[in-house]
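Worksheet for the structure shown next.
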């Protein structure tokens, strides 16, 4: 529901896909023939990848409601909603729409530098004020290992996710390093879990998924 | 006017400052006794740095109008407006408010990876559709020089700002590398131009400022 910057179709290599209508509503885009992962994004509705969605809040709210109510999601195990940064229309609308159903909670992603933590503290306050359970905090872009000399530099400082989790009294789910190999996979439709089974990113991601799914059962 | 994530007070080391009222309106916060730089941010109006602004579009629009109309800005050479990412309420409101006065234009900042360029292409479309002149594109976080072995790695790929500028037919103002020393200065109120006169960031920033100010005269 990042209507102004929908990156999910690009990340999953689905940019040329279209959403179709059926009697039950919109048919989401599937990443494979096995139909394991269904995706809906405003990116599929734009004719051109440089098209801008120049909408004020009420129009964004109406579209988000359609994504939740008018998409033929079929039977789902998990519904993952990716939001833009902030605590405004998108977040308020999702919170209100999901009030009537049981949600597991929110995963908050931050980068480690103090400036990002400033903003993410506000996201934590949003969740607490609106009664959304926080599943935990993930620290992304933490530390870079030089491919030449293997020296690890904490480019954007480090430990911010951990200290924020302590402050907010929520679990710290994991710390993801910067790995250019993972970035290169973006847009190819390939997953680092399959392509780079031994890298730290894969290890941390799998640990995070295990923690969350066990907690949800 | 990034109302949900106001970072400017932190970046300038002004977090403990308050905005006061005078007969002519709000008095902005000055960074020094010489009153060279006046700052206004919703950050000054929040009691606590973790407070969240949970507002839908119309309330954000009203606050932005106040920032432009009710602040006693005095005589200004330049008014710089920092926006959040996106093409929604904040951007539409600023564009409408500034229609009646002459603006020099917009500076678009991107990071080099394809995913960021996806979003920034939409910002370019926004400016073109709404008739805002684009002064140019700055590529930030481009390349990281290992402090141990001096090997430069293009962590998030590179050249994206340049190719986007070509595509959009606007000037490419400069390419800023990742420098942990510059990041450390954030929040101290110190400037890399003064503290690190020989670093690439300083050199590129000064070139960008020269290009923009010469163009504006």
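Protein chains in written order, with this note's numbering: chain A, 444 to 660; chain B, 444 to 660.
Idealized CB from N, CA, C, for every residue including glycine.
The beta strand (DSSP E) runs lying completely inside the segment 561 to 628 of chain A and spanning 3 residues or more are 577 to 582, 615 to 618, given in chain order. Contact of residue 493 (chain B) with chain A by beta-carbon distance below 8 Å involves 564, 565, 567, 568.
Taking 9 Å as the cut-off, the beta carbon of residue 452 (chain A) is found closer than this to the beta carbon of residue 472 (chain A). According to the DSSP secondary-structure assignment, residue 464 (chain A) is paired through a beta bridge with A:469. Residue 580 (chain B) places its beta carbon 9 Å or farther from that of residue 621 (chain B). For residue 635 (chain A), no Cβ of chain B is located within less than 9 Å of the residue's own Cβ.
Between residue 504 (chain B) and residue 546 (chain B), the C-beta spacing is not below 9 Å.
Residue A:489 holds the alpha-carbon nearest to the alpha-carbon of residue 462 (chain A) among A:557, A:489, A:448, A:549. In the three-state scheme derived from DSSP, where H, G and I count as helix and E and B as strand, residue 551 (chain A) is classed as strand. For residue 532 (chain B), the enclosing alpha helix (DSSP H) has its first and last residue at 532 to 540. According to the DSSP assignment, residue 635 (chain B) belongs to the alpha helix (DSSP H) that extends over 635 to 638. Look at residue 542 (chain A): its C-beta is not under 9 Å from any C-beta on chain B.
The beta carbon of residue 520 (chain B) does not come within 9 Å of any beta carbon belonging to chain A, so the residue lies off that interface.
For residue 481 (chain B), the secondary structure class from DSSP, reduced to helix, strand or coil, is strand. Your pair residue 648 (chain A) and residue 636 (chain A) checks out as a contact, with CB atoms roughly 6 Å apart and the cut at 8 Å.
At a C-beta separation below 9 Å, residue 499 (chain B) has these neighbours in chain A: 500, 501, 504, 531, 532, 535, 536.
The C-beta of residue 447 (chain A) has 16 or more other C-beta atoms within 10 Å across all chains shown, which makes the residue buried. The segment 549 to 566 of chain A and the segment 617 to 632 of chain B touch, with three or more beta-carbon pairs separated by less than 8 Å. Residue 444 (chain B) has a beta carbon lying at 9 Å or more from every beta carbon in chain A. The Cβ of residue 585 (chain B) sits no closer than 9 Å to any Cβ of chain A. Between the segment 524 to 541 of chain B and the segment 492 to 499 of chain A, the count of C-beta pairs closer than 8 Å reaches three or more; the two stretches touch. For residue 572 (chain B), the chain A residues whose C-beta falls within less than 9 Å of its own C-beta are 495, 497, listed in chain order. In this structure, the alpha-carbon of residue 588 (chain A) lies about 27 Å from that of residue 638 (chain B). Neighbours of residue 528 (chain A) in chain B, taken as residues whose beta carbon is under 8 Å from its own, are 447, 448, 527, 528 in chain order.
Following the DSSP letters along the chain, one finds residue 509 (chain A) inside the alpha helix (DSSP H) bounded by residues 500 to 512.
Around the beta-carbon of residue 525 (chain A), fewer than 16 other beta-carbon atoms lie within 10 Å, marking it exposed. For residue 558 (chain B), the closest Cβ of chain A is nearer than 9 Å.
With respect to residue 577 (chain B), residue 549 (chain B) sits close: the two C-beta atoms are nearer than 9 Å. Taking a cut-off of 8 Å for Cβ pairs, the segment 610 to 626 of chain B and the segment 605 to 624 of chain A do not touch, as fewer than three such pairs fall below it.
Contact annotation: residue 553 (chain A) and residue 604 (chain A) have beta-carbon atoms nearer than 9 Å.
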